[in-house]
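Participant:
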Amino acid sequence: MPNVQELNLNYNAILPELCVIGAGLAIMMYDAFAPKGPRRLAGWIALAGLAGATYSVWRLWGLETAPSFNGMLLTDPLRLTFSIVFLLVAAVSVMFSMQMLDDERLPAGEYFTLLMFGTVGMLLMGGAGDLAMLFLGLETLSITTYVLAGFRRGDLRSNESALKYFILGSFSTGFLLYGMALTYGATKTTNLAGIQEAIATGALTSPGLLTVGAALMLVGFCFKIATAPFHFWAPDVYQGAPTPVTAFMAAGPKAAAFAAMLRIFVMTFPADGGDLSRATTGVLVIVAIMSMIVGNVAAIRQTDIKRMLAYSSIAHAGYALLGVVAGDWTSVMFYLLTYAVMNLGAFGVVSLLARVGDEKTDIEDFAGIGFKSFGLAMLLTVFLLSLGGIPLTAGFMGKLVIFKQCWQAGHTTLVIVAALNSAVSLYYYLRPVVVMFFREREEEFVPPRVSTMAEVALTLALFGVIYLGVFPGRLLSELDRLAKRTPAAAQLNSQR
Amino acid sequence: MLAEYLPTLLFLIVATGIGIALILIGNFLGPKRPSPEKLSPYECGFNAFEDARMQFDVRYYLIAILFIVFDLEIAFVYPWALVFRELGVFGLIEMGVFLALLFIGFIYVWKKGALEWE
Amino acid sequence: MTFEQILFILFAGIVVGGAASVLLQRNPLYSAFSLITTFVGLACLYVTLKAQFLGVVQIVVYAGAIMMLFVFVIMLLNIRDEDTAVDPNRFLVYLTIPLGAILLGALLYVVTKVNLAQPTGDEGGTVERIGTNLLTKYLLPFEATSVLILMAVVGALHLAKREKE
Numbered sequence: 131m132p133n134v135q136e137l138n139l140n141y142n143a144i145l146p147e148l149c150v151i152g153a154g155l156a157i158m159m160y161d162a163f164a165p166k167g168p169r170r171l172a173g174w175i176a177l178a179g180l181a182g183a184t185y186s187v188w189r190l191w192g193l194e195t196a197p198s199f200n201g202m203l204l205t206d207p208l209r210l211t212f213s214i215v216f217l218l219v220a221a222v223s224v225m226f227s228m229q230m231l232d233d234e235r236l237p238a239g240e241y242f243t244l245l246m247f248g249t250v251g252m253l254l255m256g257g258a259g260d261l262a263m264l265f266l267g268l269e270t271l272s273i274t275t276y277v278l279a280g281f282r283r284g285d286l287r288s289n290e291s292a293l294k295y296f297i298l299g300s301f302s303t304g305f306l307l308y309g310m311a312l313t314y315g316a317t318k319t320t321n322l323a324g325i326q327e328a329i330a331t332g333a334l335t336s337p338g339l340l341t342v343g344a345a346l347m348l349v350g351f352c353f354k355i356a357t358a359p360f361h362f363w364a365p366d367v368y369q370g371a372p373t374p375v376t377a378f379m380a381a382g383p384k385a386a387a388f389a390a391m392l393r394i395f396v397m398t399f400p401a402d403g404g405d406l407s408r409a410t411t412g413v414l415v416i417v418a419i420m421s422m423i424v425g426n427v428a429a430i431r432q433t434d435i436k437r438m439l440a441y442s443s444i445a446h447a448g449y450a451l452l453g454v455v456a457g458d459w460t461s462v463m464f465y466l467l468t469y470a471v472m473n474l475g476a477f478g479v480v481s482l483l484a485r486v487g488d489e490k491t492d493i494e495d496f497a498g499i500g501f502k503s504f505g506l507a508m509l510l511t512v513f514l515l516s517l518g519g520i521p522l523t524a525g526f527m528g529k530l531v532i533f534k535q536c537w538q539a540g541h542t543t544l545v546i547v548a549a550l551n552s553a554v555s556l557y558y559y560l561r562p563v564v565v566m567f568f569r570e571r572e573e574e575f576v577p578p579r580v581s582t583m584a585e586v587a588l589t590l591a592l593f594g595v596i597y598l599g600v601f602p603g604r605l606l607s608e609l610d611r612l613a614k615r616t617p618a619a620a621q622l623n624s625q626r
Numbered sequence: 006m007l008a009e010y011l012p013t014l015l016f017l018i019v020a021t022g023i024g025i026a027l028i029l030i031g032n033f034l035g036p037k038r039p040s041p042e043k044l045s046p047y048e049c050g051f052n053a054f055e056d057a058r059m060q061f062d063v064r065y066y067l068i069a070i071l072f073i074v075f076d077l078e079i080a081f082v083y084p085w086a087l088v089f090r091e092l093g094v095f096g097l098i099e100m101g102v103f104l105a106l107l108f109i110g111f112i113y114v115w116k117k118g119a120l121e122w123e
Numbered sequence: 002m003t004f005e006q007i008l009f010i011l012f013a014g015i016v017v018g019g020a021a022s023v024l025l026q027r028n029p030l031y032s033a034f035s036l037i038t039t040f041v042g043l044a045c046l047y048v049t050l051k052a053q054f055l056g057v058v059q060i061v062v063y064a065g066a067i068m069m070l071f072v073f074v075i076m077l078l079n080i081r082d083e084d085t086a087v088d089p090n091r092f093l094v095y096l097t098i099p100l101g102a103i104l105l106g107a108l109l110y111v112v113t114k115v116n117l118a119q120p121t122g123d124e125g126g127t128v129e130r131i132g133t134n135l136l137t138k139y140l141l142p143f144e145a146t147s148v149l150i151l152m153a154v155v156g157a158l159h160l161a162k163r164e165k166e
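Protein chains in written order, with the numbering used here: chain A, 131 to 626; chain B, 6 to 123; chain C, 2 to 166.
#1: Report the partner residues of A/Asp434 according to the DSSP bridge assignment.
#2: With 8 Å as the limit, tell me which residues of the segment 47–71 of chain C have their beta carbon closer than that to any beta carbon of chain B; keep them in chain order.
#3: If we call anything under 8 Å between Cβ atoms a contact, is A/Val396 one with A/Gly457?
#4: For C/Gln59, which residues from the same chain have a beta carbon less than 8 Å from its beta carbon, with the 5 sequence-adjacent residues on both sides left out?
#5: Is there a Cβ from chain A that is less than 8 Å from the Cβ of B/Tyr113?
#6: Taking A/Ala385 as the reference, which of A/Thr410, A/Lys318 and A/Leu474 has the closest Cα?
#7: On the CB-based measure, 16 or more other CB atoms within 10 Å of its CB, does A/Asp161 come out buried or exposed?
#8: In terms of alpha-carbon separation, which member of A/Arg169, A/Met252 and A/Thr249 lies closest to A/Met228?
#9: Cutting at 7 Å between CB atoms, please list the residues of its own chain near A/Tyr308, excluding the five before and the five after it.
#10: Find out if the Cβ-Cβ distance for the pair A/Leu306, A/Thr274 is shorter than 8 Å.
#11: With 16 as the cutoff for other CB atoms within 10 Å, does A/Ala440 come out buried or exposed?
#12: Along chain C, in chain order, which residues have C-beta atoms closer than 9 Å to that of B/Pro84?
#13: Since A/Glu542 and A/Ala447 are thought to touch, with beta carbons under 8 Å apart, how far apart are those beta carbons, to the nearest angstrom?
#14: Using a Cβ distance threshold of 8 Å, determine whether the segment 371–390 of chain A contacts the segment 310–321 of chain A, with at least three qualifying pairs required.
#15: Between which two residues does the alpha helix (DSSP H) harbouring A/Met310 extend?
#16: Can you tell me where the alpha helix (DSSP H) with A/Glu240 in it begins and where it stops?
#17: Within its chain, find whatever has a CB closer than 6 Å to the CB of A/Arg282; leave out the 5 residues flanking it on each side and keep chain order.
#18: So is A/Pro165 buried or exposed if we call it buried at 16+ other beta carbons inside 10 Å?
#19: For B/Phe33, decide whether its Cβ has a neighbour in chain C, counting only Cβ atoms nearer than 8 Å.
#20: Over the uninterrupted alpha helix (DSSP H) stretch that includes C/Arg130, give me the two end residues.
#21: Given this structure, state the Cα-to-Cα distance separating C/Thr38 from C/Ser22, to the nearest angstrom.
#22: Check the Cβ of A/Arg145 against every Cβ in chain C and list those closer than 8 Å, keeping chain order.
#23: So, are the CB atoms of B/Val88 and C/Glu144 less than 8 Å apart?
#24: At a CB-CB cut-off below 8 Å, which residues of chain A make contact with B/Ile109?
#25: For C/Val115, decide whether its Cβ has a neighbour in chain A, counting only Cβ atoms nearer than 8 Å.
#26: Quick check on DSSP: helix, strand or coil for A/Ser516?
#27: On the criterion of 16 or more Cβ atoms from any shown chain inside 10 Å, does A/Phe643 qualify as buried, or is it exposed?
#28: With a cut-off of 8 Å, do at least 3 Cβ pairs link the segment 8–22 of chain C to the segment 105–113 of chain B?
#29: Can you list, in chain order, the residues of its chain whose CB lies under 6 Å from that of A/Val342, leaving out five sequence neighbours each side?
#30: Is the segment 3–20 of chain C touching the segment 69–86 of chain B in the sense that three or more CB pairs, one from each, lie closer than 8 Å?
#31: Is the segment 89–105 of chain C touching the segment 51–68 of chain C, taking contact as three or more C-beta pairs under 8 Å?
#32: Which class does A/Asn200 belong to by DSSP, given the choice of helix, strand or coil?
#33: Assuming A/Thr249 and A/Phe216 make a contact with CB atoms under 8 Å, what is their CB distance in whole Å?
#34: What whole-angstrom Cβ distance do C/Thr146 and A/Leu266 have, given they're in contact under 8 Å?
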């Protein structure tokens, strides 16, 4: 009998994932055994599971938890804070999806099962202490998202989106896996703490192998977060997928990939200015600048609002990389939280305005609806302004925090480029607002039906945007407090 | 230790060699005088009136996917089967959880009608 | 030239030859069979590295189940030889080949610089060791894999089921 104590099977630590898996299994069984008809309860079971998971995360908050399951699960503040982001993204996506599934009579049971398992993947990625765990979480999340992107089986755009996402996603996973294999070859362990130790003590089989491994992993992750020059899949995939799925994809997997990047490049690899850190920082700076420029310039010329938001998310990934460059995970987490709420809100409104089946996603289709559908138009305005970074919104706060961190870390040119890009981006964020409020409309306009759950979700997103924009202090000080307690960050701070 | 696999390697080489040899001998020794009649597919005396390929049914694809999934499950059970005595009850519970989750998947597939052929 | 090196060259040759054949064949079914050859070569390489279980699983799962799926899909799509259209982005070849060569060069450079430590003389990846490790050290990834497989079943079912109506 193996020594069970040594393995540290901390079931408390894995409780969030267990709640979500339980919800997924419950939805599966409900879907299989329920009599014919739409699966109305599926979404509610999903929300119940997510609520349970949030409660479990809250219970773990502030506790000093050692790595559990033989170092596979790290319950540090990074995992807990990112878990809140993931659960929030999942919950809001569930609420937006309910209306779409109802209107289009798509199988809700399968949809919410996949969404739940995708959330499990995200949670596992956030808490991974080992490259194997990271990869498993990533693959669970990715495959779920491929299927969700292609969920509308009869819609050609959805099929195209799923196919492109699948092919490029698998390709990038290949790079990531090769990088992980080479890193293992260099450090003789896949455990992140073990890798950190091996690099620190210099017990590498070959530093060059580690550099190449890190480079390949970097490529893999940059694909996943859709930064230039690996961004080519994002606009087509975001445009073709059903809009609630796009909302989920733009917020959740991106945050999860960032969490994984932070785990590897900020918490594991050293920030001491050696060859490896200079190489990765240099590459990330270039990628960030390219993403911001490509995203913003391309978004200006878009006529389809989903494509425009896709390019804007490429630019936002570039802004978020500033935090990774600065080596500070709290600013990235805060930025991704603000980005998640405003993106979910924006895509949510678009999913309502675009009608059943995403027919009307052209910006010109929204001409003149400002005063006819005042609530939705105002919401979209707020979310777009937040994405642009207007003060008093979450977007502004997120950018402020991350720019400040990056400036203090010494990358001043990068911050200037980012600020300029942010200013330029306001043009294309304001264009839909202008079209909605100041254009005449020729055709008839019937305001879209907004279900109760969609209203709740929009209120949640709006609340998030305003709260994080006007009262970020409490969250920021809590993050600061948590950051000082993270072991790797403590090591980092002591080196500065 | 590698020497234990020598018979397998010899088997592989001999099998490949004979296969290649037979094809090559046929290629070199046989007369080559192809004509359109000889190259057309055999259809019991008359000309073939349509392509042999028919519209493939997607049911085969679903069956193949389910096969892969449960094949992988079995592949995970093999290592446990060899060490289950050392791992005792603990290993049994862990493997039980794994199998239970996949059993739920099986029930789901069954009730959803994916196992129906017609 | 030790016996191990000869074996490695033989099997690596099979792998690379099979992979090249996958790219160069015009008939997609021939490509699929070449991929099977690649997998067989890989399995033999695994056995020379003392990872017997992995070699056998490679044949059973990859060459057995997954390639069968490939062949089904090729048959499903009914691709014929003549259907391959001319690639409009032909100029990308002039970009891909130099970049690919640079990548290959970088990898080869690193591989030549690696200080290959001698293997630590253990008994290799026997099935018993894999079993023990799977259920003790790698327990969480193991259970996560069951979730992954479950999700794959649900996803495949949604995408591949026939419309009853």
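For glycine and all other residues, C-beta sits at the position ideal for the given N, C-alpha and C.
What you are looking at is a predicted structure, and each value in this text was computed from that prediction instead of being measured.
Facilitator: Working from what's here:
#1: A/Asp492
#2: Val48, Thr49, Lys51, Phe54, Val58, Val61, Val62, Gly65, Ala66, Ile67, Met69 and Leu70
#3: yes
#4: Phe40, Leu43, Ala44 and Tyr47
#5: yes
#6: A/Leu474
#7: buried
#8: A/Arg169
#9: Leu346
#10: no
#11: buried
#12: Phe54, Val128, Glu129, Arg130, Ile131, Gly132, Thr133, Asn134, Leu135 and Leu136
#13: Looking at the sequence itself, residue 542 of chain A is Thr, so the reference to Glu does not match. With a Cβ gap of about 21 Å, A/Thr542 and A/Ala447 do not count as contacting.
#14: no
#15: Leu286 to Thr317
#16: Ala238 to Gly256
#17: Ser288 and Pro372
#18: exposed
#19: no
#20: Val128 to Leu136
#21: 10 Å
#22: A quick correction: the sequence has Leu, not Arg, at residue 145 of chain A. Correct list: empty, because the minimum Cβ distance to chain C is about 13 Å.
#23: no
#24: Leu155, Met158 and Met159
#25: yes
#26: helix
#27: The requested residue 643 of chain A does not occur in the structure, where chain A is confined to residues 131 to 626.
#28: no
#29: Leu312
#30: no
#31: no
#32: coil
#33: 6 Å
#34: 7 Å
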